[in-house]
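Under our numbering, the first residue of the sequence shown carries the number -12, and numbering increases by one thereafter. Glycine included, every Cβ here is placed at the ideal spot set by N, Cα and C. Structure first, then comments.
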Amino acid sequence: MQFSTIVMALAAAATSVVANKVTFVTLDSAVRTIYFTSSNGFNIDPVTVSSSEETTVDFPDTYIGNFYAVKEGGSNAPGMLGEVTFGGWNGATYFDVSAIVNPDDKDNVKQMWPAESKSPISGCEHFPCNDAYYLPDDVQTKVTNEVHLITTLGGGN
């Protein structure tokens, strides 16, 4: 009896594991490749996204890093960044859209928000705006207890 109780408890725990993920939603007709850079050694392979379907990427626990998009045919150079920490302080998810590397990239990473609550939002529909990082000391990092984020791409300016 005790063995079956343990097995059932382990099975329940396994199904309750929450996966960190970002769903990429393309708002225009461009095909893009998303590149990921981890600050703590995790490797995520690039993915190709388009408006034909939303693309969800799983992230490891305690992932800290960023991602950027490059339009098909463009050079692989960081532009507007989506920055994320999963399992950060107090287990929270921290995220923001950063224009520090290339504020002229106004047609790739646009906005990020938690999938369920849809708030808070980082980034802009039209750049510039007050909800993105432009300088290293800007206070724009958003925080949520959710582990699924939405990131929009494209849509023009």
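- In chain order, V18 place their CB closer than 6 angstroms to the CB of E59, counting only its own chain and leaving out the 5 sequence neighbours on each side.
- Contact between G141 and T13 holds, with the beta-carbon distance rounding to 6 angstroms and staying under 8 angstroms.
- Burial of V71 is indicated by the presence of at least 16 other C-beta atoms within 10 angstroms of its C-beta.
- For N95, the three-state secondary structure derived from DSSP is coil.
- Residue burial is scored here from C-beta neighbours: T138 has at least 16 other C-beta atoms within 10 angstroms and is therefore classed as buried.
- Using a C-beta cut-off of 8 angstroms, the stretch 99 to 106 makes no contact with the stretch 116 to 125, since fewer than three inter-stretch Cβ pairs fall below that distance.
- Residue pairing of V130 in beta bridges, as defined by DSSP: Y81.
- Looking only at N7, A6, S38, Y22, the smallest Cα-Cα distance to D15 is reached by S38.
- In this structure, N53 sits near G69, with a CB-CB distance shorter than 8 angstroms.
- Short of 7 angstroms from the beta carbon of E133, and not among the five residues preceding or following it, lie these beta carbons of its own chain, in chain order: T80, P101, A102, E103, S104.
- Non-local C-beta neighbours of T24 in its own chain, meaning closer than 6 angstroms and more than five positions away in sequence, comprise G52, N53, ordered along the chain.
- One Cα belongs to T128, the other to A119, and the distance between them is close to 8 angstroms.
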